[in-house]
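Everything below concerns the one structure shown next.
Numbering (my numbering), first residue to last: 84 to 251.
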């Protein structure tokens, strides 16, 4: 069981990171500076990518911790179809993680726009305004860290329960 659990968790982590990176790529498409000279990445773009990736990594870390418990419970309940149930639970947890990241990205963005006003991400990258993206990213990371316990409670709703036999 430990080998299957390690393989399942490794696959879940790789898939979740790949999906998080694709989501970040979609979020960053407006902020990319198409006129970068010599193929160098602008520091502002790098800071914004790093803060988004850290936010996603915090969410994935919580997802994997709860998923490890779910895999244990799945193997205790039903070992015949455990692999299918693990993939089903893992895909549910990964989907919830992406939705959680996107939800708080947009909420943090709306709150940040209320404070600083509407700014164009591509113009800020071109101007080299990395502090703008650092503060914006810290707002998102702060939201994510503060709301990780809520996310854990949401994930635990979908963890299969092990029936406890009561003997008289």
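The C-beta atom is built at its ideal place from N, Cα and C for all residues, glycine as well.
Predicted, not measured: the structure shown is a model, and the values here were computed from it.
Check: On the criterion of 16 or more Cβ atoms from any shown chain inside 10 Å, does residue 219 qualify as buried, or is it exposed?; Outcome: buried
Check: DSSP on residue 218, reduced to helix/strand/coil?; Outcome: helix
Check: Nearest to residue 207 by CA position, among 182, 127, 107, 90, is which residue?; Outcome: 127
Check: Helix, strand or coil, according to DSSP, for residue 230 in the structure here?; Outcome: coil
Check: Rounded to whole angstroms, what's the CA-CA distance from residue 239 to residue 209? Just pull it up for me.; Outcome: 43 angstroms
Check: Hey, how far is the Cα of residue 211 from the Cα of residue 241?; Outcome: 44 angstroms
Check: Report the three-state DSSP secondary structure of residue 113 (helix, strand or coil).; Outcome: coil
Check: Go to residue 126, then tell me how far its alpha helix (DSSP H) extends in each direction, as first and last residue.; Outcome: 126-160
Check: Is it the case that the stretch 175-194 contacts the stretch 129-148, given that we only count it when at least three CB pairs across the two stretches are under 8 angstroms?; Outcome: yes
Check: For residue 215, which of 147, 224, 202 has the nearest alpha-carbon?; Outcome: 202
Check: Quick one: residues in its chain with C-beta nearer than 7 angstroms to the C-beta of residue 138, no 5 flanking neighbours on either side, listed in chain order?; Outcome: 184, 223, 224, 227
Check: Please report the distance separating the alpha-carbon of residue 167 from that of residue 187.; Outcome: 30 angstroms
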